[in-house]
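First residue of the sequence shown? That's 7 in the numbering used here, and the numbers climb one at a time after it. This report concerns only the one structure given below.
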Amino acid sequence: AKGEPIGVVTVSVDIAERRQLEAALRQSEAAAMEARRFLENVLDAMPAIVNVKDRDLRYTMINRYMAETHAMDRKTAIGRTMGELLGPCAASLTVRRNEEVDRELLDGARDAAVFDAETIDAAGRPRSWLSTKSVVRDDTGAIAGVLTVGVDIGERRKLESALRDAAAAAEEAARAKSE
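Pasting the structure below:
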């Protein structure tokens with residue numbers, strides 16, 4: 007008979023393996039998110055500036071201490087450069103030096119750098135930093151960005167200055183006593 011059904015065709019696909027793969031993917035994604043949250047908590051607990059910039063020197067991550075020190079919103083900082091965030095302060099020698107070192111690292115001239123830097127914080131106070139920078143590599147080993155960790159050494163600088171002043175005063179007193 008024309009046009010009348012003569013049978014039924016059924017196709018069955020075993021999706022057990024697919025469901026296992028999907029479950030494994032969900033577990034892997036959850037573990038990655040947990041690891042990311044843990045790392046963010048560690049970085050946010052550090053009393054140091056921590057940030058990562060991409061090859062265009064745009065921030066891809068800043069920690070809480072940096073955001074608070076410079077009174078910036080973390081979400082707003084992502085994707086912007088130091089110059090864009092710091093405005094008029096961006097013309098400072100410190101900002102130019104930071105960018106110079108970042109470029110040297112990105113160009114592969116060296117893998118790490120340590121240097122002192124002077125800045126003004128959001129409250130207008132001068133700050134002294136000991137900054138350590140190193141390259142960030144992607145999964146192929148190519149240089150993808152720069153990691154910076156800056157420790158405030160202002161108090162140490164004040165103590166060193168007071169110590170030098172005290173030593174100079176002691177030398178002067180010793181000279182005056184011997185005359």
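Each residue gets a CB set at the ideal place from its N, CA and C atoms; glycine is no exception. None of the values given here were measured: they were computed from a predicted structure.
Legend entry - Whole-angstrom distance between T75 and R133, CA atom to CA atom: In the sequence shown, counting from the first residue as 1, residue 133 sits at position 127. In the sequence shown, counting from the first residue as 1, residue 75 sits at position 69. Each residue's Cα considered, the two are about 10 Å apart.
Legend entry - Beta-bridge partners of I55, as assigned by DSSP: If you number the sequence shown from 1, residue 55 lands on position 49. Bridge partners of I55: G156.
Legend entry - Alpha-carbon to alpha-carbon, D122 and K139: What you label residue 139 is simply residue 133 of the sequence shown in a count that begins at 1. What you label residue 122 is simply residue 116 of the sequence shown in a count that begins at 1. One C-alpha to the other measures close to 11 Å.
Inset, instruction - Return yes when the Cβ of T66 is within less than 8 Å of the Cβ of G156, no when it is not. - result: Numbered from its first residue, the sequence shown carries residue 156 at position 150. Numbered from its first residue, the sequence shown carries residue 66 at position 60. No, they are not a contact pair.
Inset, instruction - Go to L91, then tell me how far its alpha helix (DSSP H) extends in each direction, as first and last residue. - result: If you number the sequence shown from 1, residue 91 lands on position 85. Run containing L91: 88–92, per the alpha helix (DSSP H) assignment.
Legend entry - R170 versus L136: straight-line alpha-carbon distance, rounded: Here the question's residue 170 lines up with position 164 in the sequence shown. Here the question's residue 136 lines up with position 130 in the sequence shown. If I take the Cα positions, the gap works out to 20 Å.
Inset, instruction - Could you spell out the range, first to last residue, of the beta strand (DSSP E) harbouring K139? - result: For the purposes of this step, residue 139 is taken as residue 133 along the sequence shown, with counting starting at 1. Element bounds for K139: 132–143.
Legend entry - Pairwise C-alpha distance: T154 and I21: The residue labelled residue 21 in the question sits at position 15 within the sequence shown. The residue labelled residue 154 in the question sits at position 148 within the sequence shown. Rounded to whole angstroms, I21 to T154 spans 47 Å at the Cα level.
Inset, instruction - Kindly give me the distance between the Cβ atoms of I55 and M39, rounded to whole angstroms, as I take these residues to be in contact under 8 Å. - result: As a position in the sequence shown, residue 55 is number 49, starting the count at 1. As a position in the sequence shown, residue 39 is number 33, starting the count at 1. The Cβ separation is near 25 Å, so there is no contact.
Legend entry - Beta-carbon proximity of R102 to E110, cut-off 8 Å: Sequence index remark: in the sequence shown, residue 102 carries index 96 (1-based). Sequence index remark: in the sequence shown, residue 110 carries index 104 (1-based). Cβ distance not < 8 Å, so R102 and E110 don't count as in contact.
Inset, instruction - Would you kindly work out how many angstroms separate the C-alpha atoms of R64 and D79, rounded to a whole number? - result: Residue mapping note: residue 64 aligns to position 58 of the sequence shown, counting from 1. Residue mapping note: residue 79 aligns to position 73 of the sequence shown, counting from 1. Taking the straight line from one Cα to the other gives about 15 Å.
Legend entry - Limits of the unbroken alpha helix (DSSP H) element including D62: Residue numbering aside, residue 62 sits at position 56 when the sequence shown is read from its first letter. Element bounds for D62: n/a, residue is neither H nor E.
Inset, instruction - Note down, in chain order, each residue of its chain lying with its Cβ closer than 7 Å to the Cβ of P53, except the 5 sequence neighbours on either side. - result: As a working note, residue 53 is residue 47 in the sequence shown. Y71.
Legend entry - Residue range of the unbroken alpha helix (DSSP H) whose run includes V120: Here residue 120 corresponds to residue number 114 of the sequence shown, with the count starting at 1. Careful: V120 lies outside any alpha helix (DSSP H), inside the beta strand (DSSP E) at 118–126.
Inset, instruction - Quick one: give me the first and last residue of the alpha helix (DSSP H) that D108 is part of. - result: The residue you call residue 108 lines up with position 102 of the sequence shown. That run of the alpha helix (DSSP H) goes 99–112.
Inset, instruction - Could you check the C-alpha separation between E105 and A168 for me, to the nearest Å? - result: Here residue 105 is taken as the residue at index 99 of the sequence shown, counted from 1. Here residue 168 is taken as the residue at index 162 of the sequence shown, counted from 1. Straight across, the Cα-Cα distance linking E105 with A168 is about 32 Å.
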